[in-house]
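A.B. asks:
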Amino acid sequence: MFDVKRKLNFVGKLVIFILVIIGGSIGFILHKNHSLQEKHILKETKNYSYKISYPIYHKKKIDKPIQTMIDTKKQEFLEQVNSALKDNATISYDFLVEYNKMEWKNISITHFIVQAYTGGSHYTREDISYYYDTKAKKLISPLDLLTQEGLNSLSQLAYYQVMEQSSKNAWNLEDADVKENTAPKLELYQHMTLSDQGLHILFPPYQVAPWAVGPITVTIPFEQLEDILKSKYLGETKTKVEAPKISQEKRDLTPYQGKKLIAFTFDDGPGYQTTKKLLDGLKERDARVTFFMLGSRVDAYPDIVKQAYLEGHQIGSHTYHHKNLFHLTDFEIHQEIESTNQAIETIIGVAPTLLRAPYGNTNDQIKKISNMYSILWDVDTLDWSSKNKDAISDHIVSHAHDGAVLLLHDIYNASIEGALQAMDQLKDEYAFVTVDEMLTLKGLTLDKTKSYRSFP
Ligand code: ZN
Numbered sequence: 221m222f223d224v225k226r227k228l229n230f231v232g233k234l235v236i237f238i239l240v241i242i243g244g245s246i247g248f249i250l251h252k253n254h255s256l257q258e259k260h261i262l263k264e265t266k267n268y269s270y271k272i273s274y275p276i277y278h279k280k281k282i283d284k285p286i287q288t289m290i291d292t293k294k295q296e297f298l299e300q301v302n303s304a305l306k307d308n309a310t311i312s313y314d315f316l317v318e319y320n321k322m323e324w325k326n327i328s329i330t331h332f333i334v335q336a337y338t339g340g341s342h343y344t345r346e347d348i349s350y351y352y353d354t355k356a357k358k359l360i361s362p363l364d365l366l367t368q369e370g371l372n373s374l375s376q377l378a379y380y381q382v383m384e385q386s387s388k389n390a391w392n393l394e395d396a397d398v399k400e401n402t403a404p405k406l407e408l409y410q411h412m413t414l415s416d417q418g419l420h421i422l423f424p425p426y427q428v429a430p431w432a433v434g435p436i437t438v439t440i441p442f443e444q445l446e447d448i449l450k451s452k453y454l455g456e457t458k459t460k461v462e463a464p465k466i467s468q469e470k471r472d473l474t475p476y477q478g479k480k481l482i483a484f485t486f487d488d489g490p491g492y493q494t495t496k497k498l499l500d501g502l503k504e505r506d507a508r509v510t511f512f513m514l515g516s517r518v519d520a521y522p523d524i525v526k527q528a529y530l531e532g533h534q535i536g537s538h539t540y541h542h543k544n545l546f547h548l549t550d551f552e553i554h555q556e557i558e559s560t561n562q563a564i565e566t567i568i569g570v571a572p573t574l575l576r577a578p579y580g581n582t583n584d585q586i587k588k589i590s591n592m593y594s595i596l597w598d599v600d601t602l603d604w605s606s607k608n609k610d611a612i613s614d615h616i617v618s619h620a621h622d623g624a625v626l627l628l629h630d631i632y633n634a635s636i637e638g639a640l641q642a643m644d645q646l647k648d649e650y651a652f653v654t655v656d657e658m659l660t661l662k663g664l665t666l667d668k669t670k671s672y673r674s675f676p
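Residue numbering for the sequence shown follows this note's numbering, beginning at 221 and increasing consecutively.
(1) Excluding the five sequence neighbours on either side, which residues of its own chain have a C-beta within less than 6 angstroms of the C-beta of A304, listed in chain order?
(2) Tell me the DSSP secondary structure of I466 in three-state form.
(3) Please write down, chain order preserved, every residue whose beta carbon lies under 6 angstroms from a heavy atom of the ligand ZN.
(4) Reducing DSSP to helix, strand and coil, say where K271 ends up.
(5) Bridge partners for N324 per DSSP, in chain order?
(6) Near I586, what residues of its chain come up, given a Cβ to Cβ distance below 7 angstroms and the 5 sequence neighbours on each side ignored?
(7) Can you name, in chain order, every residue of its own chain whose Cβ lies under 8 angstroms from the Cβ of K470, other than the five neighbours on each side?
(8) Taking C-beta to C-beta, are V655 and Q562 nearer than 8 angstroms?
(9) Alpha carbons only, please: which of N326, I333, W597 and S328 is nearest the one belonging to E318?
(10) CA-CA distance, K284 and S387?
(11) Starting from Q534, trace the beta strand (DSSP E) in both directions and tell me its first and last residue.
(12) Between the region 403 to 418 and the region 322 to 331, are three or more C-beta pairs nearer than 8 angstroms?
(13) How many angstroms separate the CA atom of Y379 from the CA atom of E649?
(14) Using the DSSP secondary-structure output, state which residues sit across from A613 in a beta bridge.
(15) Where I246 and K281 are concerned, what is the direct C-alpha to C-alpha distance, given to the nearest angstrom?
(16) Use the C-beta contact count for P572: other C-beta atoms within 10 angstroms, 16 or more gives buried, fewer gives exposed.
(17) Which residues in the same chain as I568 place their Cβ atom closer than 6 angstroms to its Cβ, once the five residues preceding and following it in sequence are excluded?
(18) Is the beta carbon of G623 sitting closer than 8 angstroms to the one on L575?
(19) Quick check on H554: does DSSP put it in helix, strand or coil?
(20) Mind checking which residues open and close the alpha helix (DSSP H) that includes M592?
(21) Short check: CB of I286 to CB of Y270, under 8 angstroms?
(22) Quick one: Cα of V382 to Cα of V398, how far?
(23) Would you say F511 and L626 are within 8 angstroms of each other, going by their C-beta atoms?
(24) Let me make sure I understand the geometry here. Which of A429, N267 and K503 has the alpha-carbon closest to that of A390?
(25) Between F442, Q493 and Q335, which has its C-alpha nearest E296's C-alpha?
(26) Hey, out of K670, G455, L449 and N401, whose CA is closest to I436's CA?
(27) First and last residue of the alpha helix (DSSP H) that includes F297?
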């Protein structure tokens with residue numbers, strides 16, 4: 221009896237044991253599947269600690285390099301701990317591995333931040349990113365997201381954005397340093413992610429700014445990425461809501477075909493009284509002109525800009541502050557141009573396509589930065605010097621020729637009167653057109669790498 225009881229007892233225990241194992245295994249399997257998505261390793265001793273987190277994708281091509289990286293970094297840390305312990309009785313080092321994971325189209329991006337404190341003035345930080353193509357089932361380079369020329373253009377945009385953040389936050393970064401550290405080199409563009417906002421580039425601490433500034437992230441919206449990102453990675457571009465929906469009155473150009481054409485251009489405005497007076501005079505004469513406006517004045521007189529545009533004139537840019545662009549850094553040139561384009565676009569709904577650099581001072585680099593058409597002039601009326609309407613009018617009449625581009629300034633009364641007077645004398649022979657109308661009538665297209673003085 222005793223034996224039987226013991227046997228039963230034994231069988232009972234065995235059953236319970238088996239049940240526990242099965243139960244445990246189910247629990248273990250469930251737990252294992254769950255926990256394998258992310259792995260955490262924690263250790264704390266009296267001299268050091270580490271905390272490591274990393275994802276597991278169940279894909280050898282990405283899991284293996286991540287595992288190798290983690291092992292290597294941890295090993296390096298432990299070696300530093302060991303050598304420090306040989307010299308010192310007490311240390312308190314720590315090691316931390318964190319990560320962010322995101323998906324975009326068929327790319328899975330894992331970004332690690334590996335931090336170690338081993339007795340210096342601050343911890344060290346290393347950023348490591350992995351780009352996994354879930355379709356091709358392999359790791360790719362961030363360069364694979366970009367078009368052939370993409371990195372060059374991206375580098376330019378990143379430089380502007382870092383400089384912009386620097387001036388906004390008073391970091392006082394050196395222009396030359398930022399330029400060098402945002403240069404189109406693959407090693408400087410290792411940490412990029414994508415979202416509905418566009419492309420985010422992370423520059424870890426020390427790459428472009430001192431440690432105290434921390435990491436810098438710049439975001440480039442998709443509308444600026446069309447020639448930079450491969451089209452399959454582009455997201456939706458957001459339509460600007462603030463742009464007013466106004467449309468310019470386009471005129472029928474057939475009456476001017478075969479006529480000699482002159483493009484009157486007016487710089488440095490808009491003025492208030494003077495430009496208003498000019499607009500009225502042009503309306504009476506069925507004349508259209510091109511304004512090269514200063515962003516600072518556009519902001520001051522938005523109604524004049526709007527009126528000029530609605531009455532069919534062309535609005536070009538003369539930069540924001542009328543500085544000599546030859547004396548500015550690339551970023552400052554970009555700002556002079558971009559702020560003016562934005563000021564104009566806010567008012568008329570479209571950004572200008574024509575740029576006249578102050579003093580006509582332009583070069584290949586300025587043309588590249590602006591990405592606009594460079595329009596100079598071939599007839600300088602010297603209106604700013606004479607401020608005499610008859611002298612201005614006479615100069616125009618005596619220099620008039622087909623395809624001429626005349627330089628005037630709509631901030632002087634004499635310029636307005638002289639220009640209108642000249643039009644009255646020339647009107648039988650000539651039509652007065654905007655630059656765009658001139659191009660249409662002459663069947664010309666422009667090249668952004670060139671500058672144009674006239675359209676003979
Ligand atoms: Zn000017």
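Think of the CB as a built atom: it goes at the ideal place given N, C-alpha and C, for glycine as much as any other residue.
Since this is a predicted model, take the numbers as computed values, not measurements.
C.D. replies: The short version:
(1) Taken in chain order, the residues that qualify are I311.
(2) In this structure, DSSP gives I466 a state outside helix and strand, which the three-state scheme calls coil.
(3) D487, D488, H538, H542 and P578
(4) Three-state DSSP puts K271 in a strand.
(5) Residue identity check: residue 324 is Trp in the sequence provided, not Asn. Partner(s): I327.
(6) L545, I553 and A577
(7) G532
(8) no
(9) I333
(10) So the alpha carbons of these two residues sit roughly 43 angstroms apart.
(11) Q534 to S537
(12) Segments in contact, yes.
(13) 50 angstroms
(14) A quick correction: the sequence has Ser, not Ala, at residue 613. Secondary-structure assignment with DSSP links S613 through no beta bridge to anything.
(15) For I246, the pLDDT reaches just 44, beneath the cut-off of 50, and the residue's location in the model is therefore unreliable, although a value from the coordinates is still provided. Taking the straight line joining both Cα atoms gives about 29 angstroms.
(16) buried
(17) Y529
(18) No, the pair does not count as a contact, with Cβ atoms beyond the cut-off.
(19) Helix at H554.
(20) It is not in any alpha helix (DSSP H) - M592 carries neither H nor E in the DSSP assignment.
(21) Cβ atoms of I286 and Y270: not closer than 8 angstroms.
(22) 7 angstroms
(23) Taking 8 angstroms as the Cβ cut-off, F511 and L626 do not qualify as a contacting pair.
(24) A429
(25) Q335
(26) N401
(27) K280 to D307
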